[in-house]
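>
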Amino acid sequence: MNYCFQCGTKLINKQCNNEGEIPYCNKCKMFRFPTFSSAISAIVLNPDKNKVLLIQQYGRKDNILVAGYINKGEDAEQTLVREIKEETGLNVKDYQYMKSSYYEKTNTLMCNFICVVDSEDLSQVNEEVDKAEWFSFEEALKNIKSKSLAEEFLIYAFKKMNYI
158 MNYCFQCGTK LINKQCNNEG EIPYCNKCKM FRFPTFSSAI SAIVLNPDKN
208 KVLLIQQYGR KDNILVAGYI NKGEDAEQTL VREIKEETGL NVKDYQYMKS
258 SYYEKTNTLM CNFICVVDSE DLSQVNEEVD KAEWFSFEEA LKNIKSKSLA
308 EEFLIYAFKK MNYI
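Using this note's numbering, the letters of the sequence shown map in sequence onto residues 158 to 321.
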């Protein structure tokens, strides 16, 4: 962030208590804390909790996790349920927060959940998803996009589940 969103003045870096150097507007006399987007990422398990859903989107052949941006007025849990329903047609039965990670490429804080859905039926997958497929845990690890945040989340969850 280089300019004040309020008045357009070029920001300077100024010490802000224990926060370190923060962009500051000399005209408004206000610190302008950097903003970023928030999104969810979901490790979707089938009802028997022995398969993981991976998807492909936007013409890419990489397998990733279901994910989506948090809308204004929505909390992360509402986004989780909405995104899974919108993209796959599946209903979330249970979920647990896993961890978060900042994704610099899109300036987004990703909040990862693991959840169980009500069915393995993928007949309601929407147009945002090019392909959706269930994988065993072992196959999911082999097929998830390598060196991606999705892979990091999957490995973290599998360790928590004592799978690896």
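From the three backbone atoms N, C-alpha and C, an ideal C-beta is built for every residue, glycine too.
Specify, as a first and last residue, the run of the alpha helix (DSSP H) that Gln235 falls within.
Its alpha helix (DSSP H) spans residues Ala233 to Thr245.
> With DSSP collapsed to three states, give me the class of Thr166.
In the structure shown, Thr166 sits in coil (DSSP, three-state: anything other than H, G, I, E or B).
> Do three or more CB pairs link the stretch 182-202 to the stretch 210-224 at distances below 8 Å?
Touching, yes, given that three or more Cβ pairs across the two stretches are closer than 8 Å.
> Decide yes or no for the touch test of the stretch 161-172 against the stretch 226-239: beta carbon pairs closer than 8 Å, at least 3 of them.
No, the stretch 161-172 is not in contact with the stretch 226-239.
> Under 8 Å by Cβ, that's how I've got Val286 and Ile241 pegged, so tell me the actual separation to the nearest angstrom.
Wrong, their Cβ atoms sit about 11 Å apart, outside the cutoff.
> Three or more C-beta pairs closer than 8 Å, one from the stretch 179-196 and one from the stretch 257-276: is that the case here?
Contact holds: three or more Cβ-Cβ distances are below 8 Å.
> At what residue ranges does the stretch 272-304 contain a whole run of the beta strand (DSSP E), taking only runs of 3 or more?
Segments of the beta strand (DSSP E) lying fully in the stretch 272-304: 286-293.
> Residues bridged to Gly265 by DSSP?
The question names Gly, but residue 265 is Thr in the sequence shown. Answer is Ser194 and Tyr260.
> How would you label Phe190, buried or exposed, when you count the other beta carbons within 10 angstroms and need 16 or more for buried?
Its Cβ having fewer than 16 others within 10 Å, Phe190 is exposed.
> Exposed or buried, what is Thr245 when buried is set at 16 or more other beta-carbons lying within 10 Å of its beta-carbon?
Answer is buried; the Cβ neighbour count reaches 16.
> I'd like the list of long-range same chain contacts for Asn300, defined as Cβ closer than 8 Å, with 5 residues on each side in sequence excluded.
Cβ neighbours of Asn300 beyond the five flanking positions: Leu211, Asn220 and Phe292.
> Which whole-angstrom value is the C-beta distance of Phe294 and Phe315, which I expect to be below 8 Å?
Their Cβ separation, rounded to whole angstroms, is 6 Å, which keeps Phe294 and Phe315 in contact under 8 Å.
> Can you tell me where the alpha helix (DSSP H) holding Leu311 begins and where it ends?
Unbroken alpha helix (DSSP H) run through Leu311: Leu306 to Lys317.
> Could you work out which residue in Asn183, Ser303 and Ile169 is closest to Gly177 when comparing CA atoms only?
The candidate whose alpha carbon is nearest that of Gly177 is Ile169.
> Mark Tyr252 as exposed unless 16 or more other C-beta atoms lie within 10 angstroms of its C-beta, in which case mark it buried.
Its Cβ being crowded by 16 or more others within 10 Å, Tyr252 is buried.
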